[in-house]
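> Residue numbering for the sequence shown follows UniProt numbering, starting at 1 and increasing by one per position. All C-beta atoms in this analysis are idealised placements derived from N, C-alpha and C, irrespective of residue type, glycine included. Have a look at this one.
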Amino acid sequence: MYDVLGVGNALVDIQTQVSDKLVAQFGFDKGIMTLVDNERQLQVLGSLDHNTLYRCAGGSAANTIVAIAEFGGKSAYIGKVSNDEVGEFFLKDMRDNGVKIDVERSSEGPTGTCAVLITDDAQRTMLTNLGVSATLDVNDVDEAEIKRAKYVYVEGYLLTGESTKAAAMRAIEIAKQHGVKVAFTASDPFLVNMLRDELWELIKGPVDLLFCNEEEAKSLTGKESAEDCAQELHKHAENVAMTLGAEGSIVMHDGQTIRIPGVPCQAIDTTGAGDMYAGAFLYAITNGMTWQQAGTLASHAASRIVSQMGARLDQKFTPHEVEELIAV
Numbered sequence: 001m002y003d004v005l006g007v008g009n010a011l012v013d014i015q016t017q018v019s020d021k022l023v024a025q026f027g028f029d030k031g032i033m034t035l036v037d038n039e040r041q042l043q044v045l046g047s048l049d050h051n052t053l054y055r056c057a058g059g060s061a062a063n064t065i066v067a068i069a070e071f072g073g074k075s076a077y078i079g080k081v082s083n084d085e086v087g088e089f090f091l092k093d094m095r096d097n098g099v100k101i102d103v104e105r106s107s108e109g110p111t112g113t114c115a116v117l118i119t120d121d122a123q124r125t126m127l128t129n130l131g132v133s134a135t136l137d138v139n140d141v142d143e144a145e146i147k148r149a150k151y152v153y154v155e156g157y158l159l160t161g162e163s164t165k166a167a168a169m170r171a172i173e174i175a176k177q178h179g180v181k182v183a184f185t186a187s188d189p190f191l192v193n194m195l196r197d198e199l200w201e202l203i204k205g206p207v208d209l210l211f212c213n214e215e216e217a218k219s220l221t222g223k224e225s226a227e228d229c230a231q232e233l234h235k236h237a238e239n240v241a242m243t244l245g246a247e248g249s250i251v252m253h254d255g256q257t258i259r260i261p262g263v264p265c266q267a268i269d270t271t272g273a274g275d276m277y278a279g280a281f282l283y284a285i286t287n288g289m290t291w292q293q294a295g296t297l298a299s300h301a302a303s304r305i306v307s308q309m310g311a312r313l314d315q316k317f318t319p320h321e322v323e324e325l326i327a328v
């Protein structure tokens with residue numbers, strides 16, 4: 001059995017610290033995600049030869065699934081990689097982190113990559129080349145694996161492509177058929193603005209647990225205050241976990257509003273903060289913790305991940321630490 005099985009765009013994250021000037025020279029809008037083709041991605045990476053590069057298996061759902069494993073949970077992943085060195089790296093990195101992953105490697109193009117340019121203010125400018133991850137389809141969705149999970153976790157980014165959307169919807173359909181709960185992340189404000197109606201169909205329908213940040217929630221609901229956003233979402237979604245950056249998060253469960261305070265830290269790199277929050281949260285609720293405890297653990301995990309470079313914990317939480325944190 002798995003605590004959580006994730007479905008997402010399989011990307012190798014390549015992170016490096018750069019100056020604002022370099023981001024401007026590349027011509028990208030700072031702090032947002034931009035889709036680029038393979039040629040442009042290689043051009044950017046080639047110009048970073050003298051920078052220290054940090055590489056890890058990534059993509060939103062993959063980061064969350066690894067986080068669950070880092071806490072000692074049982075997790076699995078469905079994605080698509082190529083028959084190239086980058087694809088081999090992705091599979092090895094996921095398995096080395098304790099994630100169950102068995103995928104048929106494609107030869108239709110390169111494995112997807114995400115160049116994460118991190119400036120001194122901890123902002124991320126992400127350049128994503130989806131590669132073969134964009135060809136994920138219903139044939140890649142393994143019903144037998146989904147049946148073994150307590151939760152299926154689906155990233156919203158999959159809704160941007162026809163075949164990946166079909167794969168996401170098939171995973172959700174199988175989950176509901178077999179009594180597996182569905183967790184869904186809104187992924188990005190640009191996605192909410194582009195696909196608001198489709199997201200509402202999921203929120204009002206099969207989603208058991210919605211993850212979003214404050215900006216995404218405001219776009220979804222049209223409300224101004226975080227509390228009003230959370231309550232509006234909870235009218236339709238059974239459970240909501242809405243992150244508020246340094247202010248912590250709001251968890252909506254069983255009609256209750258649970259405020260989770262933020263954990264002070266010196267932010268260095270915000271890459272994967274939301275993914276880590278979701279991973280810690282899902283680990284907690286699938287391993288007997290209360291929703292209050294889940295939010296507390298997730299808040300501490302997100303704080304720790306933004307205090308370092310990269311989307312993997314340099315210092316993992318010990319069982320004793322977890323016990324102390326959730327003693328509320």
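Which ranges would you report for the beta strand (DSSP E) in the region 15–57 if only whole runs of at least 3 residues count?
33–35
> What three-state label does DSSP hand Cys212 in the structure shown?
Residue state, collapsed to three classes: strand.
> Check whether the Cβ atoms of Ser225 and Pro189 lie closer than 8 Å to each other.
Going by C-beta atoms, Ser225 is not nearer than 8 Å to Pro189.
> Can you have a look at Asn83 and say buried or exposed, based on whether 16 or more other CB atoms are within 10 angstroms of its CB?
exposed
> So the beta strand (DSSP E) Leu244 belongs to, where does it begin and stop?
That residue, Leu244, is in no beta strand (DSSP E); it is neither H nor E in DSSP.
> Could you give the distance in angstroms between the alpha-carbon of Leu35 and the alpha-carbon of Gly72?
Here the alpha carbon of Leu35 sits roughly 34 Å from the alpha carbon of Gly72.
> Below 8 Å between beta carbons: does that hold for Ala302 and Ala273?
yes
> Using the C-alpha atoms, what's the distance from Gly205 back to Gly156?
15 Å
> On the premise that Gln15 lies in contact with Val116, defined as a C-beta separation below 8 Å, what is that separation, rounded to the nearest angstrom?
4 Å
> Could you pull out every residue in the same chain whose Cβ sits closer than 6 Å to the Cβ of Ala183, ignoring the five residues on either side in sequence?
Tyr151, Tyr153 and Leu209
> Do you know offhand how far Glu145's Cα is from Gln315's?
30 Å
> Can you tell which of Val141, Ala230 and Ala280 has the C-alpha that lies nearest to the C-alpha of Ile250?
Ala230
> Assuming Ala186 contacts Val192 (C-beta within less than 8 Å), just tell me the rounded distance between them.
6 Å
> Since Arg105 is in the beta strand (DSSP E), which residue starts that stretch and which ends it?
Run containing Arg105: none; DSSP gives neither H nor E here.
> Which of helix, strand or coil does DSSP assign to Ile326?
Note: Ile326 maps to coil in three-state DSSP.
> Let's test the definition: count the other Cβ atoms within 10 Å of the Cβ of Ser19 and tell me whether it reaches 16, buried, or not, exposed.
Exposed: under 16 other Cβ atoms inside 10 Å.
> Is DSSP giving Gly262 helix, strand or coil here?
coil
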